[in-house]
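*Asks:* If you count the sequence shown from 1, position 42 lands on 112 in the numbering used here, and the numbers rise without skipping.
My structure is below; once you've seen it, I'll send some questions.
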Amino acid sequence: PPPPTTMIPSPPDSSWPDAWLMPPAECTDQKAPNRRSPNVPVTAPQLRSLGISYWHLDPSSHSYPPLAVPWNPQDSPDPHLSQLRDERGYSYADIITVHPDTLPEYEAK
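Here is the structure:
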């Protein structure tokens with residue numbers, strides 16, 4: 071089935087994050103780019119065809135805890151996040167801040 075639609079528009083294709091195919095060998099370093107050589111980019115339309123959606127919500131405009139597992143999305147101070155959650159029927163959320171100060175054993179991962 072097609073993914074649910076939302077009233078919040080997805081940004082233009084040019085603003086999606088970079089995506090690429092990973093090499094066929096097992097990933098041994100999760101921090102490495104793990105790109106094929108030559109690189110094989112994946113476009114926003116290709117990602118959408120797989121059911122992947124993307125929105126950019128400004129995290130600096132609202133205050134969130136650095137770690138909340140689970141996080142109650144009904145407590146969201148961000149109306150756009152609440153709207154996405156409601157429109158798409160999401161009922162569960164985690165917040166995990168990927169940063170050396172907030173993620174245990176960050177350097178080991």
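Where a beta carbon is used, it is the ideal one built from N, C-alpha and C, also for glycine.
Exposed or buried, what is L120 when buried is set at 16 or more other beta-carbons lying within 10 Å of its beta-carbon?
*Replies:* Label assigned to L120: exposed.
*Asks:* If P111 sits next to A89, beta carbons under 8 Å apart, how far is it from one beta carbon to the other, in whole angstroms?
*Replies:* About 7 Å; that satisfies the 8 Å criterion.
*Asks:* Where do the N-terminal and C-terminal ends of the beta strand (DSSP E) with L137 fall, by residue?
*Replies:* Run containing L137: 137-141, per the beta strand (DSSP E) assignment.
*Asks:* Quick one: measure Cβ to Cβ for P81 and H132, integer angstroms, because I've assumed they're closer than 8 Å.
*Replies:* The Cβ separation is near 18 Å, so there is no contact.
*Asks:* For the alpha helix (DSSP H) that D156 lies in, which residues bound it at each end?
*Replies:* Start and end: 149-158.
*Asks:* Compute the Euclidean distance between the alpha carbons of I135 and N142, then round it to the nearest angstrom.
*Replies:* Sequence inspection shows Pro at residue 135; the Ile mentioned does not correspond to that position. Distance between the alpha carbons of P135 and N142 is about 11 Å.
*Asks:* Does P129 come out as helix, strand or coil in the three-state DSSP assignment?
*Replies:* DSSP places P129 in helix when its eight states are reduced to three.
*Asks:* Is the separation between the beta-carbon of R106 and that of P87 shorter than 8 Å?
*Replies:* In this structure, P87 does not lie closer than 8 Å to R106 by Cβ.
*Asks:* If we ignore side chains and look at the alpha-carbon of each, how far apart do S84 and A178 end up?
*Replies:* Distance between the alpha carbons of S84 and A178 is about 33 Å.
*Asks:* Quick one: what does DSSP say P174 is sitting in, helix, strand or coil?
*Replies:* If DSSP states are grouped into helix, strand and coil, P174 belongs with coil.
*Asks:* Looking at C-alpha atoms only, which residue of S123, L117, K101, L137 is the closest neighbour of I78?
*Replies:* Comparing Cα-Cα distances from I78 to each of S123, L117, K101, L137, the minimum goes to S123.
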